[in-house]
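Under the UniProt record's numbering, the residue at position 61 of the sequence shown is numbered 61, and the numbers go up by one with no gaps. Quick reminder that beta carbons are idealized off the backbone N, C-alpha and C, glycines included. The structure under discussion appears below in the form of structure tokens.
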Amino acid sequence: MSDEIEPRDFFVVVRDGKLLAYDYIAQRQFHISLDALAVLLGGSELRQHQAAAQVKRAGLNHAFRVPWDWDALSQIFHFGTYLRRSTESDATYGESARRYVENCEGIMDAMPSDAFATVRGAEPIDLGEDTVDDLGTLKDALEQRVTSRRFTRQRLQFRAVATVIRNAFRYREHDGNAYKKMGMFTPTMRRTAPSGGSLQSCECYLIADRVSDLEAGIFHYQSHNDSLARVAKLSGNFSFARLFGDQGFSDDVSAAIIITCRFDKLMWKYKNSRSYRVALLDAGHLSQVVQMVATSLDLRTWPTAAFYDEDVSTLLRLQANNIEYPLMVIGLGSGDPNPFDRDLGDGFPSI
């Protein structure tokens, strides 16, 4: 062990009278002694103490730094919630799907009794029936939208995929005259979905596997000029499931939209880490627009946050020093709407 110890980022909590260190980068936690903590704090007289060996065993002597302008709380949340690949399992996709269902059944008793009947306030007002005919198309999309987990692997039409991306992510100009009247100017842009500070922190990437008139590959949508730029080609053994939490049915989607966030587009203006919430809200708004447009085009959608962060970041060729990370995935495909996992078998009918 070297004389100098440069600790990697971690935090310590006191629990049951003991110090518990959490290495949120590696997502490991362990008890740590006061002497070991003193080593990490720079106690030179303890360099040769056995506590130094404890620090080394814990791996806390390996430096890890990434650019991050918000406070430590948001960084802990971001990296502490990474989904990392664990040891390989020999379970089939079908077995994994069944285990998930069994787990859901096993925890049903813990569900709050009012989970879907939250009551706040008093004197409820009945909103009655919809009377605005202009909402016809949107209303149909809202009624028909369902998260599908069965897809037919058919090729999607490029025009349909382009329409989805364009309507969700294309920049639109603000009303310049309105700002001018107020003696104001804004350098920001608009989309159809709201965005914190109108900063449009989110970016759109398309993984196209089976899209007509488009060679399989990874693309970035350039919102400012309404175009797709190729990032990379897909490998011959490419698998959506390997990216998306080993959910086997996702191999049947034809394409996927990845919503990332450039945190630097928020950090420069909003210094408080509460702005991390804004990034998540921005991604959620955009996801809903994607699903509404796709449903109106008779495409099936599957939104998920279950993906391997580092694998997706590597595939999209994101650089950590750009402070850009994936937040949301929406799979696109064809087939009858069906919310049941393909790998559960054929006992579940289409709806």
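Burial state of residue i, where buried means 16 or more other Cβ atoms lie within 10 Å
| i | result |
| --- | --- |
| ARG150 | buried |
| TYR179 | exposed |
| LEU46 | In this prediction, LEU46 scores a pLDDT of 48, lower than 50, which makes its location untrustworthy; no coordinate-derived value is stated. |
| ARG28 | exposed |
| GLY80 | exposed |
| PHE77 | exposed |
| CYS104 | exposed |
| HIS224 | exposed |
| ILE107 | exposed |
| SER89 | exposed |
| THR87 | exposed |
| MET267 | buried |
| residue 355 | Only positions 1 to 351 of the chain appear in this structure, which leaves residue 355 out of reach. |
| GLN319 | exposed |
| ALA294 | buried |
| GLU203 | buried |
| SER2 | Reliability of the predicted coordinates at SER2 is poor, the pLDDT of 47 falling under 50, and the value obtained from them is presented with this limitation in mind. With fewer than 16 other Cβ atoms within 10 Å, it is exposed. |
| LEU34 | exposed |
| LEU73 | exposed |
| VAL39 | buried |
| VAL119 | exposed |
Proximity of residue i and residue j at Cβ, strictly below 9 Å
| i | j | result |
| --- | --- | --- |
| LYS265 | SER201 | yes |
| ASP209 | LEU243 | no |
| ARG85 | SER334 | no |
| ALA160 | ALA193 | no |
| ARG172 | ARG155 | no |
| VAL146 | LEU332 | no |
| ILE259 | LEU199 | no |
| GLU324 | TYR82 | no |
| ASP336 | TYR100 | no |
| MET292 | ALA162 | no |
| ILE207 | LEU315 | yes |
| GLY236 | TYR308 | no |
| SER296 | THR92 | no |
| ALA306 | GLN247 | yes |
Residues of its chain near residue i, where Cβ-Cβ distance is below 6 Å and the 5 sequence neighbours each way are ignored
| i | result |
| --- | --- |
| ASP228 | According to the sequence as given, residue 228 is Leu; it is not Asp. Cβ within range, chain order: PHE219 and TYR221. |
| GLY94 | ASP343 |
| SER275 | LEU266 |
| residue 368 | With the chain represented from 1 up to 351, any question about residue 368 goes unanswered, as that position is not in the structure. |
| TYR205 | HIS220, ILE258 and LEU316 |
Beta-carbon separation (whole angstroms), residue i vs residue j, contact threshold 8 Å
| i | j | result |
| --- | --- | --- |
| ASN321 | PRO67 | 5 Å |
| ASP252 | SER239 | Actually they are not in contact, since the Cβ atoms of ASP252 and SER239 sit about 11 Å apart, beyond 8 Å. |
| VAL12 | LEU37 | 7 Å |
| SER148 | THR301 | 7 Å |
| VAL329 | ALA256 | 6 Å |
| ASP282 | GLY217 | The Cβ separation is near 26 Å, so there is no contact. |
| ASP9 | TYR22 | Rounded, the Cβ-Cβ distance is 10 Å, inconsistent with contact. |
| PHE263 | ALA279 | 6 Å |
Test: residue i CB closer than 9 Å to a CB of chain C
| i | result |
| --- | --- |
| ARG172 | The question asks about chain C, but that chain is absent: this structure has only one protein chain. |
The ligand NAP heavy atom lying under 8 Å from the CB of residue i
| i | result |
| --- | --- |
| LEU315 | What this structure holds is no ligand at all, so the ligand NAP is not there to describe. |
Beta-carbon contacts of residue i that lie in its chain and below 8 Å, excluding the five residues immediately before and after
| i | result |
| --- | --- |
| residue 352 | Lying before the first or after the last residue shown, residue 352 is absent from the chain, which here runs from 1 to 351. |
| SER174 | Looking at the sequence provided, one finds His at residue 174 rather than Ser. THR186, THR188, MET189, ARG190 and SER198. |
| TYR270 | GLY196, GLY197 and VAL278 |
| GLY345 | GLY94 |
| ARG15 | none |
Those residues which DSSP pairs with residue i across a bridge
| i | result |
| --- | --- |
| LYS18 | ARG15 |
| MET328 | ILE259 |
| TRP302 | GLY331 |
| GLY217 | ALA208 and LYS233 |
| ARG28 | ASP23 |
| GLN222 | SER227 |
| THR147 | THR301 |
| CYS202 | CYS261 |
| ARG317 | Answer is none; ARG317 lacks a bridge partner. |
| ARG84 | Answer is none; ARG84 lacks a bridge partner. |
| LEU156 | VAL211 |
| ARG166 | DSSP, once it has assigned bridges, lists no residue as partnering ARG166. |
| ARG342 | DSSP lists no partner for ARG342. |
| ARG99 | None; ARG99 has no bridge partner. |
| ARG172 | ARG190 |
Own chain partners of residue i with C-beta closer than 7 Å, once the 5 adjacent residues on each side are dropped
| i | result |
| --- | --- |
| LYS18 | HIS31 |
| ASP226 | ARG166 and ARG170 |
| LEU214 | PHE158 and ALA208 |
| SER313 | TYR325 and PRO326 |
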